[in-house]
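Enquirer:
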Amino acid sequence: LVCFCLGPGAGQDVGRSCILVSIAGKNVMLDCGMHMGYNDDRRFPDFSYITQNGRLTDFLDCVIISHFHLDHCGALPYFSEMVGYDGPIYMTHPTKAICPILLEDYRKITVDKKGETNFFTSQMIKDCMKKVVAVHLHQTVQVDEELEIKAFYAGHVLGAAMFQIKVGCESVVYTGDYNMTPDRHLGAAWIDKCRPDLLISESTYATTIRDSKRCRERDFLKKVHETVERGGKVLIPVFALGRAQELCILLETFWERMNLKAPIYFSTGLTEKANHYYKLFITWTNQKIRKTFVQRNMFEFKHIKAFDRAFADNPGPMVVFATPGMLHAGQSLQIFRKWAGNEKNMVIMPGYCVQGTVGHKILSGQRKLEMEGRQILEVKMQVEYMSFSAHADAKGIMQLIRQAEPRNVLLVHGEAKKMEFLKQKIEQEFHVNCYMPANGETTTIFTNPSIPVDISLGLLKRETAIGLLPDVKKPKLMHGTLIMKDNSFRLVSPEQALKELGLAEHQLRFTCRVHIQDPRKEHETVLRVYNHLKGVLKDYSVQHLPDGSITVESILIQATAHSEDQGTKVLLVSWTYQDEELGSYLTSLLKKGLPQSTS
Amino acid sequence: MAAHLKKRVYEEFTKVVQQQHEDLSAKKLRLTKPSKSAALHVDLCKATSPADALQYLLQFARKPVEVESVEGVVRILLEHYYKENDASVRLKIASLLGLLSKTAGFSPDCIMDDAINTLQNEKSHQVLAQLLDTLLVIGTKLTENPSVRMRLVEVACKHLTDSSHGVRNKCLQLIGCLGPVEKGVAKEVESQAAKDVQKIIGDHFNDQDPRVRTAAIKAMLQLHERGLKLQQAIYSQACKLLADDYEQVRSAAVQLIWVLSQLYPESIVPIPSSNEEIRLVDDAFGKICHMVSDGSWVVRVQAAKLLGSMQQVSSHFLEQTLDKKLMSDLRRKRTAHERAKELYSSGEFSSGRKWGDDAPKEEIDTGAVNLIESGACGAFVHGLEDEMYEVRIAAVEALCMLAQSSPSFAEKCLDFLVDMFNDEIEEVRLQSIHTMRKISNNITLREDQLDTVLAVLEDSSRDIREALHELLCCTNVSTKEGIHLALVELLKNLTKYPTDRESIWKCLKFLGSRHPTLVLPLVPELLSTHPFFDTPEPDMDDPAYIAVLVLIFNAAKSCPTMPALFSDHTFRHYAYLRDSLSHLVPPLRLPGRKLLSSPVSPSITPHEDPSQQFLHQSLERVYNLQHLDPQGIQELLEFTIRDLQRLGELQSELAGMADFTATYLQCQLLLIKALQEKLWNVAAPLYLKQNALASAAAKQILEETYKMEFMYSGVESRQVVIIHHMRLQAKALQLIVTARTTRGVEPLFGMCEKFLQEVDSFQRCFISELPHMQGSFVDKLLDLMPRLVTSKPSEVVKILQTTLRQSTFLHLPLPEQLHRATANIIEPTGESDNPLRFTSGLVVALDVDATLEHVQDPQGTVKVQVLYPDGQAQIIHPKPADFRNPGPGRHRLITQVYLSHTAWTEPCQIEVRLLLAYNSNRSKASAKIPKSTWSESLEALPQPENGIEGTIPFSKPVKVYIMPKPARR
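Line by line, the protein sequences give chains A and B.
All residue numbers for the first sequence refer to UniProt numbering, where the first residue is 1 and numbers rise by one.
All residue numbers for the second sequence refer to UniProt numbering, where the first residue is 1 and numbers rise by one.
1. Which of helix, strand or coil does DSSP assign to residue 603 of chain A?
2. Could you tell me which chain B residues have their CB closer than 7 Å to the CB of alanine 188 of chain A, listed as they occur along the chain?
3. So alanine 403 of chain B and isoleucine 439 of chain B are in contact, right, with Cβ under 8 Å, and what is the actual spacing, rounded?
4. Counting only the same chain and skipping the five closest in sequence on each side, list residues whose C-beta sits under 8 Å from that of arginine 913 of chain B.
5. Quick one: is asparagine 834 of chain B buried, meaning 16 or more other Cβ sit within 10 Å of its Cβ, or exposed?
6. Three-state secondary structure (DSSP) at lysine 166 of chain B?
7. Is it true that the CB of threonine 951 of chain B sits closer than 8 Å to the CB of leucine 899 of chain B?
8. Comparing C-alpha positions only, which one of B:Leu57, B:Val391, B:Asp643 sits nearest to alanine 303 of chain B?
9. Excluding sequence positions up to five away, which residues of its chain have a Cβ less than 7 Å from the Cβ of leucine 800 of chain B?
10. Any contact of the region 489-508 of chain B with the region 532-548 of chain B, i.e. 3+ C-beta pairs under 8 Å?
11. I'd like to know if threonine 323 of chain A contacts chain B, where contact means its C-beta is closer than 8 Å to some C-beta of that chain.
12. Taking cysteine 242 of chain B as the reference, give the member of B:Asp579, B:Ala555, B:Lys287, B:Ser695 with the closest Cα.
13. Can at least three beta-carbon pairs, one atom from the region 487-503 of chain B and one from the region 457-475 of chain B, be found at a separation below 8 Å?
14. Mind checking whether lysine 418 of chain A and cysteine 434 of chain A have CB atoms under 8 Å apart?
15. From A:Gln517, A:Phe321, A:His431, A:Arg257, pick the residue whose C-alpha is nearest to that of residue 602 of chain A; which is it?
16. Might you give, ordered along the chain, the residues of its own chain that have their beta carbon closer than 7 Å to the beta carbon of leucine 54 of chain B, omitting 5 neighbours on each side?
17. Applying a beta-carbon distance threshold of less than 7 Å, which residues of chain B neighbour arginine 257 of chain A?
18. Since alanine 379 of chain B contacts valine 292 of chain B with CB under 8 Å, what's their CB separation in whole angstroms?
19. Taking only three categories from DSSP, how would you classify asparagine 476 of chain B?
20. Does any residue of chain A have a CB that is nearer than 8 Å to the CB of serine 293 of chain B?
21. Less than 6 Å between C-beta atoms, sequence neighbours within five positions excluded: which residues of the same chain meet that for aspartate 518 of chain A?
22. Could you tell me how far apart the beta carbons of leucine 76 of chain A and leucine 102 of chain A are, in whole angstroms, since I believe they sit closer than 8 Å?
23. Mind listing which residues of the region 142-161 of chain B have their C-beta closer than 8 Å to chain A's C-betas, in chain order?
24. What three-state label does DSSP hand histidine 290 of chain B in the structure shown?
25. Can you tell me whether DSSP reads glutamate 874 of chain B as helix, strand or coil?
26. Counting only runs of 4+ residues fully inside the region 697-749 of chain B, write out the alpha helix (DSSP H) ranges in chain order.
27. So, does the CB of histidine 479 of chain A fall closer than 8 Å to a CB anywhere in chain B?
28. Which residues of chain A have a Cβ atom closer than 9 Å to the Cβ of alanine 455 of chain B, listed in chain order?
29. Run through the region 367-451 of chain A for me and flag every whole alpha helix (DSSP H) of 4 or more residues, listed as ranges in chain order.
30. Quick one: which chain A residues come within Cβ less than 7 Å of isoleucine 425 of chain B?
31. Are the C-beta of lysine 193 of chain A and some C-beta of chain B separated by less than 8 Å?
32. Under the three-state reduction of DSSP, which class applies to serine 488 of chain A: helix, strand or coil?
33. Just confirm the distance between the C-beta atoms of residue 602 of chain A and isoleucine 89 of chain A, as a whole number of angstroms; I'd bet it's less than 8 Å.
34. Using alpha carbons as the reference points, say which of A:Thr464, A:Gly159, A:Cys215 lies closest to proline 475 of chain A.
35. For asparagine 169 of chain B, would you say it is in contact with chain A, using Cβ-to-Cβ distances shorter than 8 Å as the test?
36. Of all the options B:Ile876, B:Ile875, B:Arg892, which has the alpha carbon lying nearest to the alpha carbon of glutamate 883 of chain B?
Next comes the structure, spelled out in structure tokens:
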């Protein structure tokens, strides 16, 4: 019943996440990302795919953004302002705060630096943000009467969230990017045991089990410390948000602990603005920061100061964080050129570098670089590589699946080959279906929805009182009237149903004649029958009424002599349809005749 | 408050008597005296609405009920219970019944039947649950009676089918607490409803309500605690509960599994989905490991803690917990730890790290990779990386316990522990350092590990650094480079934090004595000697140089070839250090220096026995002094005291004992001296001046006795008696002195009475010890007691005087161990010439750091005193958190003292010292006020702090130069 359409982007690919989910007639778009690698139309998802004609607003019920990375929200202004979407967009508070800063930065680079036209404007970003509804963690938001969403903590970056989308009893969990191991500033992802019908999980590290984070941290700190003690300078090229903050905290606390004095600089720009938000959203950070912020907010850096161009020539040791992270342009490259010649200095690359960038070249061991203007730059400084990634590894993904206990799993945001392995593992260990659709592929998953029915408390109590204690394992039989009205189901007692529907009660009675060969008088026959029944039906109330009839519970038995043959008595057995079971049992019992012993 | 209540009750009662006398007497036949029950009854009768009645009951619950009237009160409550229609009032009554049956001394069997009867007709589930709770209280009070227990269990079983979770909860709790534990009892009553409690409880493991499931597991655990052997069949049931949706169920289930694994470690269980079988303890271990990555941190903490105590687990399971089986792109990857090890063993230590250094090597078989169901795999890796520090601490503790029992595991977990030294939370770092210390005899640190350990020495937290010094004291280092590295880092630490001096020296002392052969090749380098040239003599006061020397001298102790490498000044420095820092520098047998060292070294080791003998001999000698003339006695005592004091100085082990005895003899000497004065024979009243000596002596004896009682740890009751006896004598002396100097009888009356009271209380407290005190002052005094009580003060004084003079000297038995409480203020050092300046009227914080030895309960007794030059004294109570406990008998006080004063014209010195507060009531058991369990609400009120009677200074005062400046306008 859950129809799943993998729309414009994502699929078996990293970057440009955009997923479309149809769940019980509701259409939800998850993330709206762009691809960093392209500069033409391909960078945005193809939204015309969603509806050939007709407005997006009519088709989509809501859009959910999991976190502020551009490959998850980069196409948002384009989508909402240029393509046209007016419905609600949901994201968490930190994402809402930081997202526009990044979008604006992205716009600046594309439009102002590269001179592209036909791109969204600052005003569009603002207008787009007006459509955003911010949600809190674990807050259930009713998008409309049936559709509700709920956010869970996902680690990864500040404000990253996993979303549970629920319509009726069907639900989907979309993880976005998440991290199951805590780091220096964020905690680990966590989700309820919500048992969704489908879990859409990222799978960037589908085939990796990572080493403990501590070794990497320690190595990093040791290297920085040694270089600084030697009097060297350390350059750490970073992207503005996410890992940069983690490294800052790491260094800051280390400086604090070890009482170091060498200055740490952070190249200014959007970082400062973003840092401001990091300070504000303390509740989204890890335990340590949350617990100590009363004494001191960890993001109020004591040792880390804003960088100025002139500082790069200062003598003595220092540590500089500079953007961008791949050393391909900007401040980090400028500093790198200044410092590369001294073997005392060091550059630490904290992440992956795309081929063709200076970062990639030096990491692959090239010592002589050709710069613009045919300059040859000899790299004497030490080059180090440290990977600090905030995605869940294979074990983390499995752990999340174990926590959520979904009925189906769908892997996105990863490479096809790697996903194949993980898929196999998931199917093998959890015995659930696992899918991995390609771009533009649609996956349909059939669910087995359970239909909730309201039952009146009186009826429930009455029914549970009969029989044994409720047992989890055994289904229980109940008697009642099911009323289906205005899309709602109710189970009520028959009397109430009659009352509500304004119907008079009709009684259905079955009457049956049983012939018994008995030469005695009528009342004697009745007495025999009475004794017999009394003997057989020990648990029921059998009564002999003064008018010569017998009642067993509400079943009436009367005996008359046969009009023709006095030796044959006719027993009239009459019961209502509710007592059908007992009634038919009684007739069959009486048909067998009375036992001889009683005579 | 209480007084007010009492008054109110009384008023109510009097009202009753006037208005409803007949009514009351008809009903309350059994009540012999006006009691609480009567008042309560009236209150309840008057109550018009349930809310009123509830109010009365609430008020009633605030005050305690005497044991005698409990039953009456219960009857009244029950009577109202039956009449009451409102469920909330019944609930309160039910809870009151429970509280009442807890009253000490009351046996609730008389009300049990009634309590069970009330259950029959009760409709409200809440009240029912409360009643069962009451029954539980009754049952726990009557545990000796099996039939009562059986009956209660039966009642509980009957209500297990109730539809409310609260009732079922309580029933299970009741069964858990009272269910039959012994097999025999169970058989006797097999016919009855309560048969196999385990089965009954086990059936509720699948209850629909998670609270009931939890209660069922808890009841099972309770049975286990009470000694019932749980059946192994429960294990599979419990395993299913591990996957429960609710954390409290999972948490309890983990405990249950642990219990079972301890009960049946060796039995074999099958592995599902394969036909293999493993030991139960291994299986349980795997399952609990699995819970370390549970969704709820409460469960994670629980699981991590329990892992530590599963010592029977097989080693390959254990080692799996540290192995996460890394891979990258489906290829096996080595962990950073493995790489470090390899790097180390291949000989090239400091290679720069290249990108792709951690490139994965061999391909792995996709089928063989288990991502989640691998049981113990990586449990500790996960636990140590957990988000919550509580889990991390629990994991570190568990690692510690497991490593202590398995050396091979200790070796393996080392890398992980070392990693924890960089945790973001200080507590975790500290805990892991302590853990490492505890397992240090099982391990040897590799150089790269040592490197990481030493990096932490720069930590700004003092606790961390000191813990690390302690750790280094007992680690094994494998190479001489390691030692060198450690020394260099410690010296770096010393320059950065000069206050760590003592601790670093101590650390190097042990490092040296543990690794003499590794230090040997380093000696020339460390002392910077040269084969041909003389090098300049280093500065003797440089702490870093002293540190190096401490390392070398301690190594030289067990390495006789080392002194040959020393240069001349080293020997001189040795002599100096041996004298000034004798606790850090061991005696050495130096070649050609025999003369210097020989008188010192032999006197240390074989000294112990003779000195002990000497102590006893001198004591023996003293006990014979009865036969000497007064002059002789005094001289003997004086000599002995001198001897003992000297002995205490020489022999640190006997210092406590020697000082203690010396103090006692000193008291005796003072007493004798005071009594021997001629003026006693003068009949006339004395001048103040004349008795100065005697009264001073009395005062000093009193002080000394307090010191003896409270400053020594290990004092037993036999000594306490003697001390108190001495004090009594001093008081008698005081009384005599006052009697002889004051005119008039009035003040004497009071004093005499007080003295007699004290004699009386002495007799009461130490009645068991009196037979040992033949011929003593007290002994004689007690004989004369009847006379003393009736006679006039002047006569009393006369009697006292004679008894005091005639009484014999009591033999002081020595306890096994006796240590004198000492305190040493490390900081402030008192050497600074720069006054601490601050604005008058504001406060300045002074850091105080002191070590305390042999102080019992320092949190309660140790105070800091600040003496200002104007004679003003301030006593500061340090916070309990300021005391640390680095070892048995040792404490460390690190606190801040706030000083303030009005402006001075020039800087002046204040004195800071430590005091030991005492309270003579503290030692007596009678001081404990019996607490009533009845009204918790009253007890929550702050009670007056048990008073401090006096203080004993027990540290040398330290002078601090301060200067309060007048505030600038």
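Beta carbons: idealized from backbone N, C-alpha and C, even for Gly.
In this text, all values refer to a predicted model and were calculated from it rather than measured experimentally.
Expert: Reading it off the structure:
1. Coverage of chain A is limited to positions 1 through 599, which leaves residue 603 of chain A absent and any answer about it impossible.
2. Within chain B, the residues near alanine 188 of chain A are Glu387.
3. The Cβ separation is near 4 Å, so the contact holds.
4. Excluding residues within five positions, the ones whose Cβ falls inside 8 Å are Ile825, Val864, Gln865, Leu867, Pro953, Ser955, Lys956, Pro957, Val958.
5. Its Cβ having fewer than 16 others within 10 Å, asparagine 834 of chain B is exposed.
6. With the sequence shown as reference, residue 166 of chain B is identified as glycine, and lysine is not the correct amino acid for it. Three-state DSSP puts glycine 166 of chain B in a helix.
7. Contact flag unset, no.
8. Of the listed residues, the one whose Cα sits closest to alanine 303 of chain B is B:Val391.
9. Excluding residues within five positions, the ones whose Cβ falls inside 7 Å are Ala732, Leu735, Ile736.
10. Output reads yes: the region 532-548 of chain B touches the region 489-508 of chain B.
11. Closer than 8 Å to the CB of threonine 323 of chain A there is not a single CB belonging to chain B.
12. A small fix is needed here, since residue 242 of chain B is leucine in this sequence, not cysteine. Ranking the options by Cα distance to leucine 242 of chain B, first place goes to B:Lys287.
13. Counting C-beta pairs closer than 8 Å gives three or more between the region 487-503 of chain B and the region 457-475 of chain B, which meets the contact rule.
14. No, the Cβ-Cβ distance between lysine 418 of chain A and cysteine 434 of chain A is not below 8 Å.
15. With chain A represented from 1 up to 599, any question about residue 602 of chain A goes unanswered, as that position is not in the structure.
16. These residues qualify, in order along the chain: Ser88, Val89, Lys92.
17. The CB of arginine 257 of chain A comes closer than 7 Å to the CB of Asp459, Ser460 in chain B, given here in chain order.
18. Between valine 292 of chain B and alanine 379 of chain B the Cβ distance is about 5 Å, and since that is below 8 Å, they are a contact.
19. In this structure, asparagine 476 of chain B counts as strand in the three-state DSSP scheme.
20. At least one CB atom of chain A sits nearer than 8 Å to the CB of serine 293 of chain B.
21. If we look at aspartate 518 of chain A and ignore the five residues flanking it on each side, its Cβ neighbours are Thr525, Lys569.
22. About 11 Å separates the CB atoms of leucine 76 of chain A and leucine 102 of chain A; that is not less than 8 Å, and the two are not in contact.
23. Listed by position, the residues of the region 142-161 of chain B near chain A (Cβ gap below 8 Å) are Thr161.
24. DSSP places histidine 290 of chain B in helix when its eight states are reduced to three.
25. The identity of residue 874 of chain B in the sequence shown is glutamine, whereas the question assumes glutamate. Of the three classes helix, strand and coil, the one that applies to glutamine 874 of chain B here is strand, per DSSP.
26. Correct list: 717-741.
27. By this cut-off, histidine 479 of chain A is not an interface position.
28. For alanine 455 of chain B, the neighbours in chain A by C-beta distance under 9 Å run, in chain order, Arg218, Leu221, Lys222, His225, Met258.
29. You should have 394-404, 416-430.
30. The contacting residues are Lys288.
31. Yes, lysine 193 of chain A counts as interfacial toward chain B.
32. Here serine 488 of chain A sits in strand by DSSP.
33. Because chain A here runs from 1 to 599, residue 602 of chain A falls outside it and cannot be looked at.
34. Nearest to proline 475 of chain A by alpha-carbon distance, out of A:Thr464, A:Gly159, A:Cys215, is A:Thr464.
35. No - not a single Cβ of chain A is within 8 Å of the one on asparagine 169 of chain B.
36. Going by the sequence as given, residue 883 of chain B is phenylalanine instead of glutamate. Answer by Cα proximity: B:Arg892.
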